[in-house]
Every structure is written in structure tokens, then in C-alpha cells.
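Chemist: Top to bottom, those sequences are chains P and G.
Position 60 of the first sequence, counting from 1, maps to 60 under the working numbering, and the rest follow consecutively.
Position 67 of the second sequence, counting from 1, maps to 67 under the working numbering, and the rest follow consecutively.
Where a beta carbon is used, it is the ideal one built from N, C-alpha and C, also for glycine.
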Amino acid sequence: MSILKSGLCVALNDEVLIKLRSNCIRTNVDFLCKDPEQIVNITGIAYKDVISIRNIILAKYSSMIVDGGDFYHSIIECSTILSSGIKSLDEILDGGLYSREVTEIAGDIASGKTQICLCTCGSTLTRGIQTVIYIDTGAGFSARRILQLTPNCSENFVSRVHVFDVTTIYELLSVLDKILALCKDGKLDFYKRLNLLILDNVASVVYPCLSNGNIVESQGLISLLSQKLKYIATGLSVAVLVTNNLVKGEHGKKVASLGRVWLNVPNVRLTIEQNDQYYKTTRKVMVTKNNRGKIGGSCTINFTEHGPIQ
Amino acid sequence: MASKETGIQFLARLGSRPTLSGIEPILFGTEGPHMKDVIEIFGEEGTGKTEMLVHLICRCILPEKWNNIHLGGRAAGVILFDTDSKFSILRLVHLLEKIVSTKMKESENSVTINSSDMDVFIGSCLKRLKIVLCYNSDQLFITLHSVEDLILNDSSISVIMIDSISSFYWMDRQGGGDSTAAQESNMRNITEILNKLVEHYNLTVLVSKSPMFKKKNENQIDFNKLNTDDFINEDMELLHSEFLCKSWQRFVTHRLVLVKLLDSDNQSESFIIGGDCCHGNKKFLINNNGICFMS
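#1: Is DSSP giving Met286(P) helix, strand or coil here?
#2: For Cys299(P), name the three-state secondary structure that DSSP assigns.
#3: At the 8 Å Cβ level, is Phe71(P) part of the contact set with chain G, yes or no?
#4: How should Leu11(G) be labelled, buried or exposed, when 16 other C-beta atoms within 10 angstroms of its C-beta is the threshold for buried?
#5: Using a Cβ-Cβ distance under 8 Å, would Pro25(G) count as near chain P?
#6: Going by Cα to Cα distance, which pick from Lys196(G), Glu242(G) and Lys36(G) is closest to Lys215(G)?
#7: Apart from the five residues on each side of it in sequence, which residues of its chain come closer than 6 Å, Cβ to Cβ, to Leu92(G)?
#8: Helix, strand or coil, according to DSSP, for Gly220(P) in the structure here?
#9: Taking one C-beta from the segment 110-118 of chain P and one from the segment 92-101 of chain P each time, how about it: are there three or more such pairs within less than 8 Å?
#10: What is the DSSP secondary structure of Asp35(P), counted as helix, strand or coil?
#11: For chain G, find out if any of its Cβ atoms is closer than 8 Å to the Cβ of Ile320(P); answer yes or no.
#12: What does the alpha-carbon distance come out to for the pair Pro63(G) and Val159(G)?
#13: Can you find a CB in chain P that lies within less than 8 Å of the CB of Gly46(G)?
#14: For the putative contact between Asn152(P) and Val202(P), defined by C-beta atoms under 8 Å, what is the C-beta separation to the nearest angstrom?
#15: Our contact map puts Ile272(P) next to Ile105(P) with C-beta atoms below 8 Å; I'd like the distance itself, whole angstroms only.
#16: One question on the structure: do Leu196(P) and Arg160(P) come within less than 8 Å of each other, judged by their Cβ atoms?
#17: Going along the chain, which residues of its own chain have a beta-carbon closer than 6 Å to the beta-carbon of Ile81(P), five neighbours each way excluded?
#18: Looking at chain P, is there any beta carbon in it that lies within less than 8 Å of the beta carbon of Met1(G)?
#19: Just to confirm the assignment: which complete alpha helix (DSSP H) runs, minimum length 4, are found wholly within the segment 157-230 of chain P?
#20: Could you give the distance in angstroms between the alpha-carbon of Gln227(P) and the alpha-carbon of Thr304(P)?
#21: Under 8 Å, Cβ to Cβ, is there at least one residue of chain P near Asp138(G)?
#22: How would you label Tyr279(P), buried or exposed, when you count the other beta carbons within 10 angstroms and need 16 or more for buried?
#23: Whole angstroms are fine: how far does the CA of Leu96(G) sit from the CA of Ile92(P)?
#24: Which residues of the segment 71-90 of chain G have a Cβ closer than 7 Å to any Cβ of chain P? Give them in chain order.
#25: Mind checking Thr6(G): buried by the 16 CB within 10 Å criterion, or exposed?
#26: Please state whether the Cβ-Cβ distance between Leu129(G) and Gly293(P) is less than 8 Å.
#27: Find the residues of chain P that neighbour Pro211(G), judging by a C-beta separation of less than 8 Å, and give them in chain order.
#28: Say whether chain P places a C-beta atom closer than 8 Å to the C-beta of Gln9(G).
#29: Can you give the beta carbon distance from Val29(P) to Phe141(G), rounded, assuming they're within the 8 Å contact cut?
#30: Quick test of your reading: Thr150(P) and Gly107(P), contact by CB under 8 Å. State the CB separation rounded to the nearest angstrom.
#31: Taking 8 Å as the CB-CB limit, is Leu258(G) close to chain P?
#32: If we cut at 8 Å on Cβ distances, does Cys299(P) have a partner in chain G?
#33: For Glu40(G), does the three-state DSSP call read helix, strand or coil?
#34: Find out if the Cβ-Cβ distance for the pair Ile89(G), Tyr72(P) is shorter than 8 Å.
#35: Could you list which residues in chain A have their beta carbon closer than 7 Å to that of Asn267(P), in chain order?
#36: Given Leu144(G), which residues of its chain have a CB within under 6 Å of its CB, disregarding the five upstream and five downstream residues?
Following this line, the structure appears as C-alpha cells:
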């Protein structure tokens, strides 16, 4: 909620501001709630000035209203599809990870979530000059593993990954704010070329705030986090890849963790099927949510110790 | 503004906007949805709410007829508020092309349409859709104020869609501190401005809503039936739980509730929709061609 401040426009000077405040109009939402004529009546500010303040607020704080045709063309022009580096996975995802979307990989411990992240990271690095941000909450990032997993990836490619280590949700939110600010600023080449943001693993920073018992605060933080991730995805045209754990759901089925608010967040969700035999290297991956196509597609991935994933 | 209005507002109010009646007879009957209807589409995650809205957008923005092909649309303008950043325009274009090509095959007089004509036509349909991305409830509220000019100037706009109205629920509750009135103030303001737009310009509102809490009296519903087709006779309203403010509850006129059936094989996912505006629950599938209702 933004407070009305002088300097927003010429008509909103200190004198007008005092008149508004004495009538309990403090924020721009308060201002818009009231009819312009009503504001004139109760405060005695000139009608012309009220209208011009109103128009400035509307112009400055409302979102862009985009025509469907223009929206389509801008999507066609600036969206990219990033290969995950795993052929069978790309096939069930209609080509790979789409920019402007949040893709989630949900799976149990040791089911290969981080491996898929590293593989996607490596495959993005070998394509052109794109950069990757890897937000690591569990110390799972390994540059050596990326080199192992990606055939054409050399050591200087890996310099195009920035790794952020975060341990709490507050740190995560401030890192996301920093990334947003630097991208908007547009001065650094790294942030101009940003194409992929990986968050591995979201659950480990959110769990601690779920356990403090205050549902309003924890759900509020999850909503805030999801809006920030979505803003990075859609506002900067970046592909966002998030990993998450699985928990037992309402009907005994395994679902992604973090509750119903989070369940709505990803555009595409991949679920790695549970496998009791951890020593086996194959995992079955299934599309369990997809906003732009069919769900239910599945593939089997073989994680090998050396070399790329088959 | 209720007492007096400008000439442009007067004309916009009286001018005829495209009607939506009969847009999807399976859901709304042959008459509905009416002007000033506020329809809520309620369902858990992954029950096809966004897909249902995309399906209805197709029906709205396609014209009745094109090149002698009966498309059954209404050529109505839609303003879509995407608060979840979930809307995929690629999916919409894909579905529009599917509908046109299917109807083309069905029509008796064999018309052939080349792809560039098709692109121009799809482009003309997309012009009727306006997309707004919002990331917090203040922004949604302020943008609802600024779309009034657009509605005034474009007499084809007859629908406002919000996907979804519940996105900012927890952020608002967290921001409002201990006072329920403060927690709900943004939602009340949003309802108020939506109400004003609906009343002044005879619009129809369609919103999606996801549950934020576990249903309290859930044991009234036999979830074992979810495995079978018997669930089609359940009262869908039992699944609904309200959490938004009172003024929003008064504002809503109809509600559709969606549920996903637990099928043994994951290859075909089927859903059930029901509510006070459709006669009996309906089963549907979602596949590459969008929503397919089963008879």
C-alpha cells in the first residue's frame, strides 16, 4: 500500500496533502475508494486537482493492460524453450522448460531432483551466452557434476552461473529482490542475459516457518515468495525451475509439499515416482500438472555416475 | 457517480454489449449467463479452473460465423486479470485453431482456408482479449479503476475474468495485522469497484477461486465415490467452503464447483463440474483439444 506523498504530481503539494490526511485519506487506495466529487466536498480541494491526482495514481500504479494480439506477438518473439539436457524429459515437456513459467520437480529424498537441475543448468550454459542463477538451499550445487553431466560444457562456461546460498526464507526473499532490482537496472550484462533461475530446494527454507504455528504468517510468506518467483518469470521472461519434496496427501496419494497455496503456484509440475530401491539408477518422471497441455506423460531417466544422464 | 453521469457513460450503459446467452449450454443452459451475473468457479488445485476459463474465453472472442463456418462464438470482448501468472496465450491460440479447424470439417460446404488467412483471423479474435497481470491486491484494485476508461470506449467488452480471486488472500491477511476489517479491506474495495463496473456497464464476471482451508464437514461427502462415476449425483455445493469477505459472498450470484475424479490409470483424467446454474453435474475430460464434455 503506497502512502500519498508530495512530489507525485504538481497538484499534490503539502497543503493538499494535509487536507487529505485530516480526512483520513492517507494512501492511494483510500484516495481511489472515494468518488472525486466527494473528495472535493469534504476537503475543499479544486476538482481539477483531484482529477489530476487521480489520473496520476491510475497511470503510475495500475498494471499494463495488454491487447491479446500484442501479447501473443511479444510471447512468440521473446519466449525461449530451454532444453533440460535430457531428451526423453524434453519430449514430455513439449520441448523443455518455457520462459515465463515456473516448473516444479517434486520428488522424495535421493530421487534425482538436484541431478535434473544441474543437467538443465549445464545444457542452458552450452547454448549461446545465456546466464543462470542457482539458488541453493541445501549445498547441492556442484560445478564438477555439471561438467560430468554436460558433454560440451567446459570450465569457463560454468562462470556464467551465479550461485546464491540461502538458509532462511527471509534470505531467499531478499536475494530475489536483489535479482529483480539488478535485472530492472539493466546495467550488468549478466542480468541482461539471465535465462534460467533454479531454486533447489524450496521446501527446506519454507519448512521452518511452517512449524512456528502462525498460519497467517507462514501462508503469507509462501504467497509472497510465489508472487516474487512469478514476477521474475513473467516480468523478466525467465524460466524458473523449483524443486520440492513429496508428502502424503488427502487421499493417500503423494503430492508436492508446502500445502495448498503452494500447489497452485507452478505452471508445470513433474513428479518423480517413489522408488524404495535407491540403489537403482532409473527413475520414472511424470507430468502431473501442465497449464498449456496434456498431463500424464511419463518417461524413465537413467542417472549414471559418470557422463550424461540417458 | 450514481446520481449523475457523463454523456459517454450514459451511452456506454445503454449501448448494447454482446450478450453471452447460450455460450456454453451444458453449463449455463440456453439462456445464461445473463448480464450482471457473477459466476465463481471453485475447485482444488489441478481441477481445471484455468482451463475452464480459457475454454470460455474461446467461446467469447470467436465470432458467430466466419467464411460461412458456424463457430458459435459471441465476438465479445474479455478483460482477463491474471493474478496467478498462469494464463498461457499459446494454449489459447492452439485451442482457437483447433475449434476453427474442427468446425471447418463439420460444415457441409467444403471451405478451404490457407494458413495466412487463419493467422489473420486468429489475430482479429485475440484483439478482443485484454490481458492484465497483477502481483498484489493493491495493484488489482487500482487497475480495476483504470479499466473503466477502456470499458467506456470499447462497447464490445462484456466480460471481466479474474484468475484467481483468492491469490492475495494470505498476503492481505498478513498485511492487515490483527484486525479482520483491515485484513479484508482490500477485498471489500475490489468487490465494490467490480460491483460498480458490473452495474454501470452490464458486464458478466467470471472468477476462479481455490480453497484456502480444508473443508470442515468433509465427512458429509463420500470420497470413495470419487473412484466411480457415481460421484456425478453428489451435491457439489458440499465441497465448497467460503473464506472471502461477506460483501464478496453477497456479490456472487452463481457458483460452479469442480472436482477431479481419482482414476486408476493416470492417462485419462476426468473431472466433474456442477453448480446452481447447470442442470445436474457434468463429467468432462481435458485433452489436447481442450475441454470435452461427456454425454
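Modeler: Let's see:
#1: Reading the first sequence from its first residue, position 286 is the one you call residue 286(P). It is a strand residue.
#2: For the purposes of this step, residue 299(P) is identified with residue 299 of the first sequence, where counting begins at 1. It is a strand residue.
#3: Stepping through the first sequence from its first residue, residue 71(P) is reached at position 71. At least one chain G Cβ lies under 8 Å of Phe71(P).
#4: In the second sequence, the residue the question calls residue 11(G) occupies position 11. Classification of Leu11(G): exposed, given that the 10 Å Cβ count is below 16.
#5: The residue given as residue 25(G) occupies position 25 in the second sequence. Not closer than 8 Å to any Cβ of chain P, the Cβ of Pro25(G) fails to qualify, so no.
#6: Numbered from 1 along the second sequence, position 215 holds the residue referred to as residue 215(G). Of Lys196(G), Glu242(G) and Lys36(G), the residue nearest in Cα terms is Glu242(G).
#7: One-based indexing of the second sequence puts residue 92(G) at position 92. Same-chain partners within the cutoff: Val54.
#8: Working through the first sequence from its first residue, we reach residue 220(P) at position 220. Gly220(P): helix per DSSP, three-state reduction.
#9: no
#10: Stepping through the first sequence from its first residue, residue 35(P) is reached at position 35. DSSP places Asp35(P) in coil when its eight states are reduced to three.
#11: Residue numbering for chain P in the displayed model covers 1 to 310; residue 320(P) lies beyond these limits and cannot be assessed.
#12: The count along the second sequence starts at 1 and reaches residue 63(G) at position 63. The count along the second sequence starts at 1 and reaches residue 159(G) at position 159. Their Cα atoms are separated by approximately 15 Å.
#13: Here residue 46(G) is taken as the residue at index 46 of the second sequence, counted from 1. Answer yes: the Cβ-Cβ gap between Gly46(G) and chain P drops below 8 Å somewhere.
#14: Indexing the first sequence from 1 puts residue 152(P) at position 152. Indexing the first sequence from 1 puts residue 202(P) at position 202. The C-beta separation of Asn152(P) from Val202(P) comes to about 30 Å, leaving the pair out of contact by the 8 Å criterion.
#15: Position 272 of the first sequence, counted from the start, is the residue given in the question as residue 272(P). Position 105 of the first sequence, counted from the start, is the residue given in the question as residue 105(P). Between Ile105(P) and Ile272(P) the Cβ distance is about 7 Å, and since that is below 8 Å, they are a contact.
#16: As a first step, residue 196(P) must be located in the first sequence, where it is residue number 196. As a first step, residue 160(P) must be located in the first sequence, where it is residue number 160. No.
#17: Within the first sequence, numbered from 1, the residue matching residue 81(P) stands at position 81. So the qualifying residues of the chain are Gly95, Gly96 and Tyr98.
#18: On the second sequence, residue 1(G) is found 1 positions in, with the first residue counted as 1. Residue confidence is low: Met1(G) scores 44 on pLDDT, short of 50, so the model does not pin down where it sits. Its coordinate-derived value is still stated next. Closer than 8 Å to some Cβ of chain P, the Cβ of Met1(G) qualifies, so yes.
#19: 169-185, 189-192 and 202-210
#20: Working through the first sequence from its first residue, we reach residue 227(P) at position 227. Working through the first sequence from its first residue, we reach residue 304(P) at position 304. Distance between the alpha carbons of Gln227(P) and Thr304(P) is about 36 Å.
#21: Taking the second sequence and counting its residues from 1, the one referred to as residue 138(G) is at position 138. Chain P contact via Cβ: present.
#22: On the first sequence, position 279 is the one that residue 279(P) refers to. Tyr279(P) should be labelled exposed.
#23: Here the question's residue 92(P) lines up with position 92 in the first sequence. Here the question's residue 96(G) lines up with position 96 in the second sequence. Distance between the alpha carbons of Ile92(P) and Leu96(G): 23 Å.
#24: Asp84, Ser85, Lys86, Ser88, Ile89 and Leu90
#25: As a working note, residue 6(G) is residue 6 in the second sequence. Looking at its Cβ environment, which holds fewer than 16 other Cβ atoms inside 10 Å, Thr6(G) is exposed.
#26: Taking the second sequence and counting its residues from 1, one reaches residue 129(G) at position 129. Taking the first sequence and counting its residues from 1, one reaches residue 293(P) at position 293. Not a contact, by the Cβ cut-off of 8 Å.
#27: Translated into positions along the second sequence, residue 211(G) becomes position 211. Near Pro211(G) (Cβ distances below 8 Å), the residues of chain P are Arg260.
#28: Here residue 9(G) refers to the residue found at position 9 when the second sequence is read from its first residue. No - not a single Cβ of chain P is within 8 Å of the one on Gln9(G).
#29: In the first sequence, the residue the question calls residue 29(P) occupies position 29. In the second sequence, the residue the question calls residue 141(G) occupies position 141. Rounded to whole angstroms, the Cβ separation of Val29(P) and Phe141(G) is 6 Å, and the two are in contact under 8 Å.
#30: Here the question's residue 150(P) lines up with position 150 in the first sequence. Here the question's residue 107(P) lines up with position 107 in the first sequence. In this structure Thr150(P) does not touch Gly107(P) by the C-beta definition: roughly 21 Å separates them, more than the 8 Å allowed.
#31: On the second sequence, position 258 is the one that residue 258(G) refers to. Not closer than 8 Å to any Cβ of chain P, the Cβ of Leu258(G) fails to qualify, so no.
#32: The count along the first sequence starts at 1 and reaches residue 299(P) at position 299. No, because no Cβ of chain G sits closer than 8 Å to the Cβ of Cys299(P).
#33: Working through the second sequence from its first residue, we reach residue 40(G) at position 40. Looking at Glu40(G) - three-state DSSP - the assignment turns out to be strand.
#34: Numbered from its first residue, the second sequence carries residue 89(G) at position 89. Numbered from its first residue, the first sequence carries residue 72(P) at position 72. Contact: yes.
#35: Here the protein chains are P and G, and chain A is not one of them.
#36: On the second sequence, residue 144(G) is found 144 positions in, with the first residue counted as 1. The residues are Ile193.
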